[in-house]
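Structure, as structure tokens:
2 protein chains.
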Amino acid sequence: MTRIAPAGPRTHKKQIVLAHGGGGQLTDELLDTIIRPRFGNTTLDAMGDSALLEIGAGRVAFTTDTYVVRPLEFPGGDIGRLAVCGTVNDLAVSGAEPRWLSLALILEEGVAIATLERVLDSARGAAEEAGVQIVTGDTKVVARGQADGVYINTAGVGVVRAGVDLAPEHARPGDAVLLSGTIADHGMAVMLQRQDTAGVRSNLASDVAPINGLARALMDAAPGVRFMRDPTRGGLAGVLADLAERSGRRVSVDETAIPMRRETLYAAEMLGIDPLDVANEGKLVAVVPPGEARSALDAVRAHERGREAAIIGHVGEEADGLCELVTDVGGRRVLLKPYGEELPRIC
Amino acid sequence: MTRIAPAGPRTHKKQIVLAHGGGGQLTDELLDTIIRPRFGNTTLDAMGDSALLEIGAGRVAFTTDTYVVRPLEFPGGDIGRLAVCGTVNDLAVSGAEPRWLSLALILEEGVAIATLERVLDSARGAAEEAGVQIVTGDTKVVARGQADGVYINTAGVGVVRAGVDLAPEHARPGDAVLLSGTIADHGMAVMLQRQDTAGVRSNLASDVAPINGLARALMDAAPGVRFMRDPTRGGLAGVLADLAERSGRRVSVDETAIPMRRETLYAAEMLGIDPLDVANEGKLVAVVPPGEARSALDAVRAHERGREAAIIGHVGEEADGLCELVTDVGGRRVLLKPYGEELPRIC
Numbered sequence: 012m013t014r015i016a017p018a019g020p021r022t023h024k025k026q027i028v029l030a031h032g033g034g035g036q037l038t039d040e041l042l043d044t045i046i047r048p049r050f051g052n053t054t055l056d057a058m059g060d061s062a063l064l065e066i067g068a069g070r071v072a073f074t075t076d077t078y079v080v081r082p083l084e085f086p087g088g089d090i091g092r093l094a095v096c097g098t099v100n101d102l103a104v105s106g107a108e109p110r111w112l113s114l115a116l117i118l119e120e121g122v123a124i125a126t127l128e129r130v131l132d133s134a135r136g137a138a139e140e141a142g143v144q145i146v147t148g149d150t151k152v153v154a155r156g157q158a159d160g161v162y163i164n165t166a167g168v169g170v171v172r173a174g175v176d177l178a179p180e181h182a183r184p185g186d187a188v189l190l191s192g193t194i195a196d197h198g199m200a201v202m203l204q205r206q207d208t209a210g211v212r213s214n215l216a217s218d219v220a221p222i223n224g225l226a227r228a229l230m231d232a233a234p235g236v237r238f239m240r241d242p243t244r245g246g247l248a249g250v251l252a253d254l255a256e257r258s259g260r261r262v263s264v265d266e267t268a269i270p271m272r273r274e275t276l277y278a279a280e281m282l283g284i285d286p287l288d289v290a291n292e293g294k295l296v297a298v299v300p301p302g303e304a305r306s307a308l309d310a311v312r313a314h315e316r317g318r319e320a321a322i323i324g325h326v327g328e329e330a331d332g333l334c335e336l337v338t339d340v341g342g343r344r345v346l347l348k349p350y351g352e353e354l355p356r357i358c
Numbered sequence: 012m013t014r015i016a017p018a019g020p021r022t023h024k025k026q027i028v029l030a031h032g033g034g035g036q037l038t039d040e041l042l043d044t045i046i047r048p049r050f051g052n053t054t055l056d057a058m059g060d061s062a063l064l065e066i067g068a069g070r071v072a073f074t075t076d077t078y079v080v081r082p083l084e085f086p087g088g089d090i091g092r093l094a095v096c097g098t099v100n101d102l103a104v105s106g107a108e109p110r111w112l113s114l115a116l117i118l119e120e121g122v123a124i125a126t127l128e129r130v131l132d133s134a135r136g137a138a139e140e141a142g143v144q145i146v147t148g149d150t151k152v153v154a155r156g157q158a159d160g161v162y163i164n165t166a167g168v169g170v171v172r173a174g175v176d177l178a179p180e181h182a183r184p185g186d187a188v189l190l191s192g193t194i195a196d197h198g199m200a201v202m203l204q205r206q207d208t209a210g211v212r213s214n215l216a217s218d219v220a221p222i223n224g225l226a227r228a229l230m231d232a233a234p235g236v237r238f239m240r241d242p243t244r245g246g247l248a249g250v251l252a253d254l255a256e257r258s259g260r261r262v263s264v265d266e267t268a269i270p271m272r273r274e275t276l277y278a279a280e281m282l283g284i285d286p287l288d289v290a291n292e293g294k295l296v297a298v299v300p301p302g303e304a305r306s307a308l309d310a311v312r313a314h315e316r317g318r319e320a321a322i323i324g325h326v327g328e329e330a331d332g333l334c335e336l337v338t339d340v341g342g343r344r345v346l347l348k349p350y351g352e353e354l355p356r357i358c
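Quick mapping for you: the protein sequence lines, in order, are chains G and L.
Everything in the first sequence is counted per the numbering used here, starting at 12 for the first residue and increasing by one.
Everything in the second sequence is counted per the numbering used here, starting at 12 for the first residue and increasing by one.
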């Protein structure tokens, strides 16, 4: 029963095999050569069962999201960048400064190590951009046909800014609704990669980016900010319908004020999709008191990710909890949260 | 372009469909009727983008794990219980009191809602048992053949006990190695469900359980504890080999002192598997200074999950970083970390 170590130098495999997930030497090899070097920091390198974080007294924000986007790589980003930005952004719109992330991989047997490396490089790049550390992680491998390449879960911990208390219920009549830039770029870029759109050339790229800098600038300029959210799954329509419902107020939005790229609009029309329902991954919606709307807009526009920001609507007196869209021809319609999503696995 | 809400009362579907993951009304329905009621607490009910936690000054432990166990339900537990206990236990062996968990689901289209409900009930039961709250979550749905039923990621946040600083590097010559109970029960119970073992009857059940109470009792009785770990993937062999390697000391273990159920041993022999390599999900390995070994053992044995605890070995003077197993016939062999795992998806 004496155990013999495998002879010779360890093969650096080109593809993920099931044993990479077994918790043995091959898992160590994957962690030591492919994963950990990319995210090296003293907390992660301690390789304990948990990361140990030094947090001062105060409120802490904690969030999680799993990313199953298909394809793994798309114009403007990939699942690694998305997984970091998505969780950073959920913390940021909670009024927290994102600090620490976990990164948990589900790998399908047969995934090319080169693909995994690109995805991890891009996760690292996004983490650097956002100023967060990846401090703990996990890797599981499942057999072919039991996943679709790579799924990533990230959870995140951030420190909530003192005095900040954000919730859709805090919206008051007269408040302005601010949007940090063009909508639907992420979802449409991913969909165009997936649909059979032979012959259609497009410059569309996902907007996937960390928005914590944007949120920080906005909170500095508008300390009375009531509510922030990033319009991901469910799109801008989902956020606005939820804001109206939970505040109990009428939210009125001017369709012509919503920034949108021409090519995104064309792509949406071609596929018969309402861009208001489509996921964004680098945008911020904020509700600010009327007296701070101007300074908030200026601050967001001064940020490189907020050049096209606009005030797109306001919170009304009517206590009906509806979101009303005033269309470009002057019509009005009630914005509902989408029922499902037109296409799954957009994030 | 006026949107019409689906007519009539919402169907309570019997199976997961892709639109359950779309972030729209159907996602809300799943969250409101199936998921959130099971874990209701004011933090989760706030439904923000992040959970907001009140943490006093001090060190915080943060960890994550994804669970892909197959089958979803096995003797002694299921993936829901496993996902909560695994993360609770990673926090506990870091010297932290587990407090808050995230729970992120990847659901395969077609999964029965009834299965999901059982799994979630069992996650809730385990959370209650461990005294933790599930405060944030996420749900994604992928098409048939892109997952295998249900995958769950949990991340956890805990508060580190003041003065506790645990690491394998802290082990010193003379320290005792304590194990809280029988090994290999989880892995063998799951494997027996998977292997073609027609005709084999077994009473084997997984040991999946929260061990934070056990860790607390041990730290109370042995405040000088050097290191704790739960021997999951890679088994007891993985933990001991890692302890030896990272402490740089010889770790000697007496095979006859390792508690093991007879039926577990038989099952392992039948399948040709070394039980030392097999995953456990409710056990604790601890390294304690010699002067505290007796009180640590008494405290762990006094706990309902530690009745069969034993001192299984000690840390030696030799600075070779090897783990030596003294076998039942008096032979010696070097314990290596398993290369891969015999069978994937055990946790």
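Cβ coordinates follow ideal geometry from the N, Cα and C atoms, glycine included.
Small disclaimer: the values here were computed from a predicted structure and weren't measured.
Buried/exposed call for residue i, threshold 16 Cβ in 10 Å
{"i": "Gly185 of chain L", "result": "exposed"}
{"i": "Arg92 of chain L", "result": "buried"}
{"i": "Gly174 of chain L", "result": "exposed"}
{"i": "Lys25 of chain G", "result": "exposed"}
{"i": "Asn164 of chain L", "result": "buried"}
{"i": "Ala330 of chain G", "result": "exposed"}
{"i": "Asp196 of chain L", "result": "buried"}
{"i": "Asn291 of chain G", "result": "buried"}
{"i": "Asp43 of chain G", "result": "exposed"}
{"i": "Pro48 of chain L", "result": "exposed"}
{"i": "Thr53 of chain G", "result": "exposed"}
{"i": "Arg273 of chain G", "result": "exposed"}
{"i": "Gly142 of chain L", "result": "exposed"}
{"i": "Arg343 of chain L", "result": "exposed"}
{"i": "Gly246 of chain G", "result": "buried"}
{"i": "Asp288 of chain L", "result": "buried"}
{"i": "Gly192 of chain L", "result": "buried"}
Chain-order list of residues whose beta-carbon lies under 8 Å from that of residue i (same chain, five-residue window excluded)
{"i": "Glu266 of chain L", "result": "Leu336, Val337, Thr338 and Asp339"}
{"i": "Val345 of chain G", "result": "Leu333, Cys334, Glu335 and Leu336"}
{"i": "Ala62 of chain G", "result": "Thr54, Leu55, Trp111, Ser113, Val146 and Thr147"}
Proximity test, Cβ basis, 8 Å: residue i and chain L
{"i": "Phe85 of chain G", "result": "no"}
{"i": "Phe73 of chain G", "result": "yes"}
{"i": "Asn164 of chain G", "result": "yes"}
{"i": "Arg356 of chain G", "result": "yes"}
{"i": "Val168 of chain G", "result": "yes"}
{"i": "Val130 of chain G", "result": "no"}
{"i": "Ala141 of chain G", "result": "no"}
{"i": "Ser217 of chain G", "result": "no"}
{"i": "Gln206 of chain G", "result": "no"}
Sequence-distant residues of the same chain with beta carbon closer than 6 Å to residue i, five excluded per side
{"i": "Asn100 of chain G", "result": "Ile222 and Asp241"}
{"i": "Ala158 of chain L", "result": "Ile117 and Glu119"}
{"i": "Pro82 of chain L", "result": "Gln204"}
{"i": "Glu303 of chain G", "result": "Ala233 and Gly235"}
{"i": "Val79 of chain L", "result": "Tyr162 and Arg356"}
{"i": "Ala255 of chain G", "result": "Val262, Gly332, Leu333 and Cys334"}
Integer Cβ distance of residue i from residue j, believed to fall under 8 Å
{"i": "Ile66 of chain L", "j": "Leu190 of chain L", "result": "Actually they are not in contact, since the Cβ atoms of Ile66 of chain L and Leu190 of chain L sit about 32 Å apart, beyond 8 Å."}
{"i": "Pro301 of chain G", "j": "Ala187 of chain G", "result": "6 Å"}
{"i": "Gly167 of chain G", "j": "Thr74 of chain G", "result": "5 Å"}
{"i": "Gly35 of chain G", "j": "Arg110 of chain G", "result": "Actually they are not in contact, since the Cβ atoms of Gly35 of chain G and Arg110 of chain G sit about 32 Å apart, beyond 8 Å."}
{"i": "Lys348 of chain G", "j": "Gly249 of chain G", "result": "5 Å"}
{"i": "Asp231 of chain G", "j": "Ala313 of chain G", "result": "Contact doesn't hold; Cβ gap of about 11 Å is too wide."}
{"i": "Gly156 of chain G", "j": "Gly156 of chain L", "result": "6 Å"}
{"i": "Asp60 of chain G", "j": "Ser105 of chain L", "result": "5 Å"}
Contacts around residue i, its chain only, beta-carbon distance under 7 Å, and the 5 residues preceding and following it disregarded
{"i": "Gln206 of chain G", "result": "Leu282"}
{"i": "Thr38 of chain L", "result": "His31, Gly32 and Thr150"}
is_contact[residue i, chain G] using C-beta, thresh 8 Å
{"i": "Gln26 of chain L", "result": "no"}
{"i": "Val298 of chain L", "result": "no"}
{"i": "Lys348 of chain L", "result": "yes"}
{"i": "Met12 of chain L", "result": "Annotation note: pLDDT 35 at Met12 of chain L (below 50); position unreliable, coordinate value reported separately. At least one chain G Cβ lies under 8 Å of Met12 of chain L."}
{"i": "Thr147 of chain L", "result": "yes"}
{"i": "Lys151 of chain L", "result": "yes"}
For residue i, the residue or residues it bridges with in DSSP
{"i": "His325 of chain L", "result": "L:Ala187 and L:Ser263"}
{"i": "Ser113 of chain L", "result": "L:Thr147 and L:Ala166"}
Neighbour list for residue i in chain C, Cβ cutoff strictly below 8 Å
{"i": "Ala68 of chain L", "result": "Reference to chain C is not applicable here, since the protein chains of this structure are G and L."}
beta-carbon residue i near the ligand NAD non-hydrogen atom, thresh 7 Å
{"i": "Glu119 of chain G", "result": "For the structure depicted, the ligand NAD is absent and the ligand set is empty, with no information on it obtainable."}
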